[in-house]
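Residue numbering for the sequence shown follows the working numbering, starting at -5 and increasing by one per position. Beta carbons are placed, not taken as given, at the ideal position from N, Cα and C, and that holds for glycine. Below you'll find the structure, written out as structure tokens, and then a few comments.
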Amino acid sequence: MPAIDLKMGNALAKMMKDILPRVQKEAARARDQLCAMGARIVGVRQLPHAREVKVVCKGKSTNMII
-5 MPAIDLKMGN
5 ALAKMMKDIL
15 PRVQKEAARA
25 RDQLCAMGAR
35 IVGVRQLPHA
45 REVKVVCKGK
55 STNMII
């Protein structure tokens, strides 16, 4: 079962790879596109040279550094 979760997490990360960089410039549009996919942004944390975005989709959570 963990292998399936890993595959779903990787697929989710690939789908969002193009959308998440917009969070910095076009947060509302990125949030709307994620909502249309059934996902939501649950947290954004500013790091020294990047921004970490936590996204949940269908009960699966992933962190992306942009």
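Cβ of R25 within 8 Å of Cβ of V49?
As a working note, residue 25 is residue 31 in the sequence shown. As a working note, residue 49 is residue 55 in the sequence shown. Not in contact: R25 and V49 (Cβ atoms no closer than 8 Å).
Tell me, please, which residues DSSP counts as bridged to A33.
Position 39 of the sequence shown, counted from the first residue, corresponds to residue 33. Bridge partners of A33: C51.
Straight-line Cα distance separating R23 from K8
Here residue 8 refers to the residue found at position 14 when the sequence shown is read from its first residue. Here residue 23 refers to the residue found at position 29 when the sequence shown is read from its first residue. Near 18 Å, if we compare the C-alpha coordinates of R23 and K8.
Tell me the rounded alpha-carbon separation between K52 and G32.
Counting from 1 along the sequence shown, the entry for residue 52 is found at position 58. Counting from 1 along the sequence shown, the entry for residue 32 is found at position 38. Each residue's Cα considered, the two are about 7 Å apart.
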